[in-house]
Each structure stands twice: as structure tokens, then as C-alpha cells.
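What the sequence shown shows, in my numbering, is residues 2 to 196, in sequence order. Report on the following structure.
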Amino acid sequence: MITFIKRGGGGDSVKIVFLTFLIAGLFILAGCGFISPTATDVNQIAKSLLNTVLDTLESEIPDPISSPTEFIQLIRKFVYTPDQDATDTDVSEAIMDLTYVPLFDFTWPSTLTSVELKGLSEIESKLLPYNWANPPDFVQKTYMMTVQGETEDGTITSFSLPFLIINDDGYFFAVFVDDTDSATEVRVYPLPLIF
């Protein structure tokens, strides 16, 4: 270990060495994933996703049968799909099937007019109502999101959905093509146990 100590001159070189090690340590921690979005950032990302859902429900939603491309583009705001996989027909079918999971919560017993994020829990178990095993490399963090919503007539409903941080954005699910040694397959992450 090399120690730089300068006597009498004010210790500028010690400060430089300390700052160098501090910055290097922060880069190492960031690279290992120990530094990630703060809780405030994660909550803000989750609230933004919920607001996007409400805005979408208030807008005109393309018909999935007559305008499947437009519908898929809309759903990709909530379901992450790598750009290179977005045109795969099996991916599109999986997105269409998966759409009903979050839409059910936001539209039953009637469409929600407001939502409030009640909490985020980092995933510690591999098996909940979703299979969380083997996350894809592009998923930064996984949470369960607890949401409370209110309908126009004042009915209060609560539900939980998966919440993924990918590229510092929030999504409910990811649908992607997974390359294995012998073939490729379309994967949904996390996989709903009813899917």
C-alpha cells in the first residue's frame, strides 16, 4: 500500500488520493448493481407508470383485432419488449395474451378514475402469483406494486402487480425472445401462474 502524506503543505495529495479511491469505489459499486435508483426514484417511476395507464384508459385505445400493430405499440408502454423482438409474431401474441392481466385490475369492476401507489416490495421469493425465477439480464430490479384505485362511483379496489425497472423505466412485464443452445423461445417475465 502506498501512502501519500505531505507534511506541512496542507494535505492536498492525501485529499486527491482519498477522492480517487472514493470515486473508484463508487464506480465499482455502480457496476455491481449495488447503487441503483433510490427509493424515491423507484416510487416516482412506479407513479409515472400508473399515470400512463390512467392516461391510456382515458384515450382511444386501438382495437387489437383491426389494428394489432397500433395496439402492440400502445401496450409496449407497460410491457417491455426489446426493439429487435417487437416484430416477432410469437412475441406479439404473448403481449396480446398478457395484456389482460393488468387491464383486468384497472377495468374491473369498472374502469378506475384514480390510482394511488400504496407500496413497493422488492421481490425476495421466486414464487408468488408470478414465477420470478431466471430474470433476463436487462431487468435491473423487481418489485410487487400494491395499488389502490377508485372508480367514478367511489368504489375502492386494491390489487398488486409486478413492477420491473428496465433501463430506468417502469414496466409490469417483459416479453422477449430468449436464445437457448438449440432454439429460441418467447418468454414472459415474470410469468403469471395463470398464463
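Don't be surprised by glycine CBs; every beta carbon is placed ideally from N, CA and C.
Fill in: Rounded C-alpha distance that separates Asp86 from Asp138
15 Å
Practice prompt. Can you grab the Cα-Cα spacing for the pair Ala47 / Val54, in whole Å?
Written response: 11 Å
Practice prompt. Express the C-alpha separation of Thr143 and Pro103 in angstroms, rounding to a whole number.
Written response: 16 Å
Worksheet item: Quick one, which of Pro83, Thr156, Glu94, Thr57 has its alpha-carbon nearest Asp179's?
Response: Pro83
Discussion item. For Ile166, which residues in the same chain have their Cβ closer than 7 Å to its Cβ, ignoring the five residues on either side in sequence?
Written reply: Pro38, Val43, Ile46, Gln141, Lys142
Practice prompt. Could you name the residues that DSSP lists as bridge partners for Phe177?
Written response: Arg188
Worksheet item: Considering only C-alpha positions, which residue in the set Thr100, Asp91, Thr90 is nearest to Leu75?
Response: Thr100
Worksheet entry | Stretch pair the region 58-72 + the region 116-125: three plus CB contacts closer than 8 Å | no
Discussion item. To the nearest angstrom, how far is the alpha carbon of Ile66 from that of Asp56?
Written reply: 22 Å
Worksheet item: When we look at the beta-carbon of Asp64 and count the other beta-carbons within 10 Å, is it buried (16 or more) or exposed?
Response: exposed
Discussion item. By DSSP's criteria, Leu99 is part of a beta bridge. Which residues make up the other side?
Written reply: Per DSSP, none; premise fails for Leu99.
Item to complete: Leaving out five residues on either side along the sequence, give the residues of the same chain with a beta carbon under 6 Å from the beta carbon of Glu123.
Response: Tyr144
Discussion item. Classify Gly155: buried if its beta carbon has 16 or more other beta carbons within 10 angstroms, exposed otherwise.
Written reply: exposed
Discussion item. Our contact map puts Asp98 next to Val187 with C-beta atoms below 8 Å; I'd like the distance itself, whole angstroms only.
Written reply: Wrong, their Cβ atoms sit about 10 Å apart, outside the cutoff.
Fill in: Residue range of the unbroken alpha helix (DSSP H) whose run includes Ile73
69-76
Discussion item. Among Glu153, Phe107, Thr181, Ala175, whose alpha-carbon lies nearest the alpha-carbon of Tyr131?
Written reply: Ala175
Practice prompt. Look up Thr156 in the DSSP assignment and say whether it is helix, strand or coil.
Written response: coil
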